[in-house]
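Asker: Residue numbers (the numbering used here): 93 to 250. My questions will all concern the structure given below.
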(Lines of atoms letter the chains of each structure in order from A; the text may use other names.)
(Lines give C-alpha, C1' and ligand atoms only; values in the text may rest on other atoms or scores of the structure.)
Protein backbone atom coordinates (compact mmCIF):
# COMPACT_ATOMS: atom_id res chain seq x y z
CA UNK A 93 0.00 0.00 0.00
CA UNK A 94 1.24 3.44 -0.90
CA UNK A 95 1.38 6.72 0.94
CA UNK A 96 -0.29 9.86 -0.44
CA UNK A 97 2.40 12.42 -1.30
CA UNK A 98 0.40 15.32 -2.76
CA UNK A 99 -3.13 16.14 -3.85
CA UNK A 100 -4.04 18.56 -6.66
CA UNK A 101 -7.65 19.60 -7.35
CA UNK A 102 -9.31 21.64 -10.09
CA UNK A 103 -12.90 22.59 -10.89
CA UNK A 104 -14.57 23.85 -14.05
CA UNK A 105 -17.89 25.62 -14.18
CA UNK A 106 -19.04 28.74 -12.38
CA UNK A 107 -22.63 27.65 -11.85
CA UNK A 108 -24.12 30.50 -13.88
CA UNK A 109 -22.97 29.60 -17.42
CA UNK A 110 -22.76 26.40 -19.48
CA UNK A 111 -19.11 25.51 -20.23
CA UNK A 112 -19.79 24.25 -23.80
CA UNK A 113 -22.33 22.54 -26.07
CA UNK A 114 -21.46 19.78 -28.55
CA UNK A 115 -22.73 16.94 -30.75
CA UNK A 116 -21.15 13.63 -31.76
CA UNK A 117 -17.76 12.10 -31.08
CA UNK A 118 -16.20 15.44 -30.23
CA UNK A 119 -13.34 14.47 -27.84
CA UNK A 120 -13.43 17.80 -25.99
CA UNK A 121 -11.58 18.47 -22.75
CA UNK A 122 -13.88 19.38 -19.88
CA UNK A 123 -11.78 19.19 -16.70
CA UNK A 124 -8.08 18.76 -16.03
CA UNK A 125 -5.09 19.53 -13.83
CA UNK A 126 -1.30 19.24 -13.82
CA UNK A 127 0.97 17.50 -11.34
CA UNK A 128 4.73 17.22 -10.93
CA UNK A 129 5.41 13.84 -9.29
CA UNK A 130 7.95 13.84 -6.45
CA UNK A 131 9.10 10.30 -7.29
CA UNK A 132 9.53 8.58 -10.67
CA UNK A 133 7.94 5.35 -9.41
CA UNK A 134 4.81 7.02 -8.00
CA UNK A 135 1.32 6.22 -9.21
CA UNK A 136 -1.20 8.98 -9.88
CA UNK A 137 -4.81 8.33 -8.88
CA UNK A 138 -7.15 10.47 -11.00
CA UNK A 139 -10.70 10.79 -9.66
CA UNK A 140 -13.63 13.15 -9.97
CA UNK A 141 -16.80 13.81 -11.94
CA UNK A 142 -18.07 15.65 -15.02
CA UNK A 143 -21.47 17.35 -14.99
CA UNK A 144 -23.34 16.47 -18.18
CA UNK A 145 -26.69 17.31 -19.73
CA UNK A 146 -28.29 15.62 -22.76
CA UNK A 147 -31.27 16.94 -24.72
CA UNK A 148 -32.35 14.52 -27.45
CA UNK A 149 -36.12 15.00 -27.82
CA UNK A 150 -37.21 11.35 -27.80
CA UNK A 151 -34.09 9.74 -29.31
CA UNK A 152 -31.25 7.82 -27.69
CA UNK A 153 -27.98 9.48 -26.74
CA UNK A 154 -25.00 8.46 -24.66
CA UNK A 155 -22.05 10.35 -23.20
CA UNK A 156 -18.66 8.91 -22.42
CA UNK A 157 -15.35 9.98 -20.92
CA UNK A 158 -11.70 9.30 -21.74
CA UNK A 159 -8.44 10.25 -20.00
CA UNK A 160 -5.65 11.98 -21.90
CA UNK A 161 -2.29 13.46 -20.99
CA UNK A 162 -0.10 16.20 -22.43
CA UNK A 163 3.29 17.58 -21.32
CA UNK A 164 2.27 21.26 -21.41
CA UNK A 165 -1.50 21.69 -21.90
CA UNK A 166 -4.54 21.13 -19.69
CA UNK A 167 -7.69 20.74 -21.81
CA UNK A 168 -10.55 22.06 -19.67
CA UNK A 169 -12.41 24.56 -21.85
CA UNK A 170 -14.09 22.52 -24.58
CA UNK A 171 -11.01 22.40 -26.81
CA UNK A 172 -10.08 19.31 -28.82
CA UNK A 173 -7.77 16.75 -27.18
CA UNK A 174 -6.54 15.45 -30.57
CA UNK A 175 -2.94 16.50 -29.79
CA UNK A 176 -2.92 14.68 -26.44
CA UNK A 177 -1.97 11.09 -25.63
CA UNK A 178 -4.96 8.89 -24.87
CA UNK A 179 -4.30 6.96 -21.64
CA UNK A 180 -7.74 5.37 -21.22
CA UNK A 181 -10.20 5.02 -24.08
CA UNK A 182 -13.78 6.35 -24.25
CA UNK A 183 -16.11 4.62 -21.78
CA UNK A 184 -19.86 5.21 -21.79
CA UNK A 185 -20.96 6.81 -18.54
CA UNK A 186 -24.41 8.35 -19.13
CA UNK A 187 -27.18 7.09 -21.42
CA UNK A 188 -30.55 8.59 -22.31
CA UNK A 189 -33.54 6.97 -23.97
CA UNK A 190 -36.04 9.81 -23.79
CA UNK A 191 -36.07 13.58 -23.72
CA UNK A 192 -33.56 15.03 -21.22
CA UNK A 193 -31.06 13.78 -18.65
CA UNK A 194 -28.65 15.58 -16.37
CA UNK A 195 -26.15 14.13 -13.92
CA UNK A 196 -22.59 13.72 -12.75
CA UNK A 197 -20.43 11.16 -14.55
CA UNK A 198 -17.80 9.88 -12.14
CA UNK A 199 -14.36 8.63 -13.16
CA UNK A 200 -11.40 6.89 -11.56
CA UNK A 201 -8.12 6.13 -13.28
CA UNK A 202 -4.65 5.09 -12.14
CA UNK A 203 -1.53 6.00 -14.11
CA UNK A 204 2.19 5.40 -13.61
CA UNK A 205 4.00 8.23 -15.44
CA UNK A 206 7.48 6.82 -14.70
CA UNK A 207 8.95 10.31 -14.46
CA UNK A 208 9.16 13.41 -12.28
CA UNK A 209 8.28 15.67 -15.22
CA UNK A 210 5.07 17.67 -15.01
CA UNK A 211 2.14 15.90 -16.63
CA UNK A 212 -1.22 17.45 -17.51
CA UNK A 213 -4.19 15.09 -17.14
CA UNK A 214 -7.50 15.97 -18.81
CA UNK A 215 -10.84 14.22 -19.05
CA UNK A 216 -12.51 14.53 -22.44
CA UNK A 217 -16.16 13.95 -23.35
CA UNK A 218 -17.89 12.66 -26.48
CA UNK A 219 -21.29 11.39 -27.44
CA UNK A 220 -21.47 7.67 -28.16
CA UNK A 221 -20.83 6.96 -31.86
CA UNK A 222 -23.99 4.82 -32.18
CA UNK A 223 -26.20 6.95 -29.96
CA UNK A 224 -25.30 10.57 -30.84
CA UNK A 225 -28.79 11.92 -31.50
CA UNK A 226 -28.67 14.69 -28.94
CA UNK A 227 -27.32 18.07 -28.10
CA UNK A 228 -25.11 17.75 -25.04
CA UNK A 229 -23.69 20.27 -22.62
CA UNK A 230 -20.99 20.24 -19.97
CA UNK A 231 -21.62 22.14 -16.72
CA UNK A 232 -25.16 23.03 -17.82
CA UNK A 233 -26.63 26.20 -16.34
CA UNK A 234 -29.93 28.02 -16.57
CA UNK A 235 -28.11 31.31 -15.92
CA UNK A 236 -28.76 31.27 -12.19
CA UNK A 237 -27.62 27.86 -11.05
CA UNK A 238 -25.80 24.99 -12.70
CA UNK A 239 -23.24 22.22 -12.61
CA UNK A 240 -19.54 22.01 -12.05
CA UNK A 241 -16.94 19.36 -12.82
CA UNK A 242 -14.02 18.37 -10.60
CA UNK A 243 -10.77 16.45 -10.90
CA UNK A 244 -8.49 15.26 -8.08
CA UNK A 245 -4.92 14.07 -8.74
CA UNK A 246 -3.35 12.14 -5.88
CA UNK A 247 0.29 11.11 -6.07
CA UNK A 248 0.81 7.82 -4.23
CA UNK A 249 4.34 6.71 -3.35
CA UNK A 250 5.11 3.04 -4.00
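The beta carbon of each residue, even a glycine, is placed where N, CA and C say it ideally should be.
Please classify residue 216: is it buried, with 16 or more other beta-carbons within 10 angstroms of its beta-carbon, or exposed?
Answerer: Label assigned to residue 216: buried.
Asker: In the DSSP assignment, find the beta strand (DSSP E) that holds residue 196 and state where it starts and stops.
Answerer: Residues 192-203.
Asker: Quick one: is residue 106 buried, meaning 16 or more other Cβ sit within 10 Å of its Cβ, or exposed?
Answerer: Exposed is the call here.
Asker: Cα separation between residue 248 and residue 135?
Answerer: Computed Cα separation, rounded: 5 angstroms.
Asker: Take residue 163 and list the residues in its own chain whose beta-carbon comes closer than 8 angstroms to its own, dropping the five residues that flank it on each side.
Answerer: Same-chain partners within the cutoff: 209, 210, 211, 212.
Asker: Look at residue 109 and residue 233 and say whether their C-beta atoms are less than 8 angstroms apart.
Answerer: It is a contact, given that the beta carbons lie within the stated cut-off.
Asker: Express the C-alpha separation of residue 156 and residue 146 in angstroms, rounding to a whole number.
Answerer: Whole-angstrom Cα-Cα distance: 12 angstroms.
Asker: Report all residues from its chain with a CB closer than 6 angstroms to the CB of residue 128; omit the five preceding and five following residues, and keep chain order.
Answerer: Closer than 6 angstroms at Cβ, skipping near neighbours: 210.
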